[in-house]
Structures are given as C-alpha cells and as structure tokens.
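Per this note's numbering, the very first residue in the sequence shown carries number -4; after that it's consecutive.
Even for Gly, the Cβ is constructed at its ideal location relative to N, Cα and C.
These notes concern the structure reproduced below.
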Amino acid sequence: MKRSIAILSVLLTLALLAAPVPSDAQQPGKVFRIGYLGVSMAGYDLDARNCPIKGSPLWQAFMAGLREHGYLPGQNLVIECRWTESREERARAVAAELVSLKADLLVAFSSTNVRAAKQATTTLPIVMVGVIHPVERGLVASLARPGGNVTGPSEDAGPQITGKRLELLKEAVPTASRVAVLGYLVETPEPIDRADREATARALNVALQNYGFRDPEKLEGIFAEMTKAGVQALLVQPHPMIAVHGSRIVDLAAKSGLPAMYPFKDLVEVGGLMAYDVDRSAIFRRLGGYVDKILKGANPGDFPVEQPTKFDLVINLKTAKALGLTIPPALLMRADHVIE
-4 MKRSIAILSV LLTLALLAAP VPSDAQQPGK VFRIGYLGVS MAGYDLDARN CPIKGSPLWQ
56 AFMAGLREHG YLPGQNLVIE CRWTESREER ARAVAAELVS LKADLLVAFS STNVRAAKQA
116 TTTLPIVMVG VIHPVERGLV ASLARPGGNV TGPSEDAGPQ ITGKRLELLK EAVPTASRVA
176 VLGYLVETPE PIDRADREAT ARALNVALQN YGFRDPEKLE GIFAEMTKAG VQALLVQPHP
236 MIAVHGSRIV DLAAKSGLPA MYPFKDLVEV GGLMAYDVDR SAIFRRLGGY VDKILKGANP
296 GDFPVEQPTK FDLVINLKTA KALGLTIPPA LLMRADHVIE
C-alpha cells in the first residue's frame, strides 16, 4: 500500500510539472479591469457597468479582438465604460473617474478623450482609438516610439487622404467648381490637412469654402448659407462629433441637393452619397492586440502606433439617383461597395 501511494505521488508530481503554464491573460483567478472612455452611448442598451450589451459594429469588433486574445468579459475581464455624451467639456472629469477605479489600463476614443486621459494619469497605460494625427496633436512623441503612456492603432492615413476624398468627389461631380468643407468647429479648418486639400483644389480648379459648427442646432442655418453661396458639392471632414450628428448632416445634404463625400462609410449606408474610409472595424479589432501586450507587461511608450493600410470607397446609387447624378462607370468599377 505504501509503495502504491508513493508511486501515485510521483505520477501526480510529474503530471503537474508537465502541465502547461497558463499565460498572463489566462491566469486562474486573475481578473483584469479596463476603463473605456467613449463619446456617445448612441442609444444602445447598456449593462450594469455602463457598457453596451451588444453595441455598434465597432464595439462588437473590439469585443471580438479581446476574445481572440483570451479576454472574456464576466470571466477574466471587467470593462467599466464612461461617456462624455458628446460634451467635450466633460472629458477630464469622466477620465478622472475612470482612473479612480484602479483599472489596469484605459481605452480612450477620440483625441479629446485621449488628451483628457493623459491629463488624468501619467502612469496608467492608455490605448487610443478614433484618432488621426496623434503626433501633430501632441498625444505621442512619434509613431515608431510613442513615449509616455499612450499608444494604439491610429486612423491617420496621412494628410493626403483629404485630397484623395476631394479628387473622388470631383470625379463623381465633374461640374462642381465650388465645394463646401464642413467640419467640427474646434478643428475646422484642420491645419494639418488644409495645405494638401487646398493644393488638390487648385489642381482640380475647385474653390473651397469652409464651414464649421459646435452646436448641432446651427447645422440647418449652415446648410442654408451653403445654398446661398452657390456651392455645388460638400466635403465632410472626420471628427467624432461628425459621426454623432452624421444622420442629420446626411438629411440636410439631401434636402439641400448637395452631393457629399463623407469620411465614415456608415453615413453612406444611411443615405449619404459616397465615402472614402479606413477599415475602422479592423482598427477596433486590433485594439485586442494592444490590450493583450500591455496587460502582459509591454510598455506603451515602446509599442509603435500602427497606421491603417486598407481603405474602402463606398457609393450609394440610390442617393445619386435622388440627386439626379450619374456616377461615371470608371468610378463605380473602383468602388469596394455599391449600394443600389
């Protein structure tokens, strides 16, 4: 009997030694905590921690990216969500609240929220998303070596993308000689993109007219100004607040008879004419990789900021027909998605 017990003990010991050691993301009993700082709840049903139960396709892509790396909310992961509700002045207070929850890291959406998170903490890792020109905005020192406590996938495709959007708009509306540029007033005109946009406009023999807003109630008056000025097309600049009020902008462009180029393809799906957009779902899915590396000990300051490599041209032929516009066949052939 004693010999049998001794043999059994040896076998158990060998089995334990041979068992694989779980990764940091899957340690038994280890529960990580993430703070998510967003712009708008957008009418989605929320759970007890103020996070979307299902959420938008982008939120779902974020969740998918976390699952790919072994992080499961309710099992080894807790996510606390806070929202500025489209009021940028709330960002600092909301960021400070998330920091006080002792999260392992923060995910911050939009330049304003990333900056607020940086002001709230210099030590807690911050993964940014929904940001263009992070270097020029002072959020990171460089793309290759961000420095500090911020990193993440960027939506920055370089200043030339605004020129590309204008080129595509002109190709869709060849007769347009006066184009309105609409953006969120804080960053309109966007100085980083402006030089490229104006150089492209000169090459295309197009005159640009800039319009900006902070109060969405002013949008109707702004479109009335565009009509009065005789603009023939509209170029919409990227900003989280443009996305928040996108449906209203699409409606006003339709009522004003303005063919418009948007920076977000989902605005074409709700009736906008066309968009040239980064693959934003892939960017949000990539967040999982950043979260994983940081939770395993990577220094965000040494983790390079990735730039998008895939872009989608989306055209809505139903909207083109409503505007009395014929999209050139050559442009349709280059589209990644056509809504008919």
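(message) I want to know whether the stretch 121 to 132 touches the stretch 101 to 108 - three or more CB-CB distances under 8 Å.
(response) With a cut-off of 8 Å, the stretch 101 to 108 and the stretch 121 to 132 count as touching, because enough Cβ pairs lie within range.
(message) What residue range does the beta strand (DSSP E) around residue 109 cover?
(response) Position 114 of the sequence shown, counted from the first residue, corresponds to residue 109. Counting along the chain, no beta strand (DSSP E) covers residue 109; the unbroken alpha helix (DSSP H) around it starts and ends at 106 to 115.
(request) Sort 299, 326, 300, 286 by Cα distance to residue 308 and report the nearest one. (result) Reading the sequence shown from its first residue, position 313 is the one you call residue 308. The shortest CA-to-CA distance from residue 308 to any of 299, 326, 300, 286 is the one to 326.
(message) What would DSSP say about residue 31, mapped onto helix, strand or coil?
(response) One-based indexing of the sequence shown puts residue 31 at position 36. Residue 31 falls in the strand class under three-state DSSP.
(message) At 4 residues or longer, what runs of the alpha helix (DSSP H) sit wholly inside the stretch 283 to 318?
(response) Uninterrupted alpha helix (DSSP H) stretches at least 4 residues long and entirely within the stretch 283 to 318 occur at 312 to 317, given in chain order.
(request) Within its chain, find whatever has a CB closer than 8 Å to the CB of residue 224; leave out the 5 residues flanking it on each side and keep chain order. (result) Within the sequence shown, the letter at position 229 stands for residue 224. Leaving aside the five residues that flank residue 224 on each side, the residues in its chain whose CB is nearer than 8 Å to its CB run, in chain order, 173, 175, 204.
(request) Report all residues from its chain with a CB closer than 7 Å to the CB of residue 159; omit the five preceding and five following residues, and keep chain order. (result) Locating residue 159 in the sequence shown gives position 164, counting from the first residue. Closer than 7 Å at the Cβ level, and outside the excluded window around residue 159, lie 271.
(request) Rank 287, 286, 289, 259 by C-alpha distance to the C-alpha of residue 275 and give the top, closest one. (result) Residue mapping note: residue 275 aligns to position 280 of the sequence shown, counting from 1. Among 287, 286, 289, 259, the Cα nearest to that of residue 275 belongs to 259.
(request) Go to residue 57, then tell me how far its alpha helix (DSSP H) extends in each direction, as first and last residue. (result) Within the sequence shown, numbered from 1, the residue matching residue 57 stands at position 62. DSSP places residue 57 in the uninterrupted alpha helix (DSSP H) bounded by 52 to 63.
(message) Our contact map puts residue 91 next to residue 29 with C-beta atoms below 8 Å; I'd like the distance itself, whole angstroms only.
(response) Along the sequence shown, read from residue 1 onward, the residue named residue 91 stands at position 96. Along the sequence shown, read from residue 1 onward, the residue named residue 29 stands at position 34. With 8 Å as the limit, residue 91 and residue 29 do not qualify as a contact, their Cβ atoms being about 17 Å apart.
(request) Note down, in chain order, each residue of its chain lying with its Cβ closer than 8 Å to the Cβ of residue 73, except the 5 sequence neighbours on either side. (result) Against the sequence shown, residue 73 aligns to sequence position 78. Excluding sequence neighbours, residue 73 sits near 26, 27, 28, 29, 44.
(request) Just the C-alpha distance for residue 315 and residue 322, rounded to the nearest angstrom, thanks. (result) One-based indexing of the sequence shown puts residue 315 at position 320. One-based indexing of the sequence shown puts residue 322 at position 327. If you take the alpha carbons of residue 315 and residue 322, they lie about 7 Å apart.
(request) Could you say which of 248, 167, 38, 284 lies nearest to residue 215 if we only look at CA atoms? (result) Taking the sequence shown and counting its residues from 1, the one referred to as residue 215 is at position 220. If we check each option's Cα against that of residue 215, 248 comes out closest.
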